[in-house]
Amino acid sequence: MKEGKGLLHDAVDAHGGLERWKEINEITFSAQTGGVALPLKLQFGAFKQYRGIVSADAEHPYAAFTPHPQDPLQGVFQNGAVRILA
Numbered sequence: 001m002k003e004g005k006g007l008l009h010d011a012v013d014a015h016g017g018l019e020r021w022k023e024i025n026e027i028t029f030s031a032q033t034g035g036v037a038l039p040l041k042l043q044f045g046a047f048k049q050y051r052g053i054v055s056a057d058a059e060h061p062y063a064a065f066t067p068h069p070q071d072p073l074q075g076v077f078q079n080g081a082v083r084i085l086a
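This is the structure in structure tokens:
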């Protein structure tokens, strides 16, 4: 199994190479999660189904996740800070 930079290079190459990655601004995804970590912290159903947006700008990282466990709030990471927005 590859690790680190070798795995990263393989993933980038498999999706069009570095030049293609430089053309994108953000990645949007939908995900479902499970497991016992959040229920053990009494966060039942937290992030069971959510949508995320992640910027592709390494100099100005940004990530947003909806719904926040306290819907309709949104969790945001920007400028090195984590915030909960209405």
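Here full-length UniProt numbering is used: the first residue of the sequence shown is 1, the next is one more, and so on. Note that the Cβ used here is the ideal one computed from N, Cα and C, for glycine as well.
The alpha helix (DSSP H) spanning residue i covers which residue range?
i	result
L8	G4 to A14
Just the C-alpha distance for residue i and residue j, rounded to the nearest angstrom, thanks.
i	j	result
I84	I53	15 Å
G34	H68	16 Å
G80	K5	24 Å
T28	L40	29 Å
L7	A14	11 Å
L18	A56	12 Å
E26	A37	29 Å
Under 7 Å from any heavy atom of the ligand FAD, does the C-beta of residue i make it?
i	result
F65	As far as ligands go, the structure on display features none, and thus does not contain the ligand FAD.
Tell me whether residue i sits in a helix, a strand or coil according to DSSP, three-state version.
i	result
residue 87	Only positions 1 to 86 of the chain appear in the structure, and residue 87 is not among them; the question remains open.
E23	helix
If I follow the unbroken beta strand (DSSP E) through residue i, where does it start and stop?
i	result
L85	A81 to L85
E78	The residue you asked about is not Glu; residue 78 is Gln in the sequence shown. Q74 to Q78 is the span of the beta strand (DSSP E), which, as asked, contains Q78.
Q49	Q49 to S55
A64	Y62 to T66
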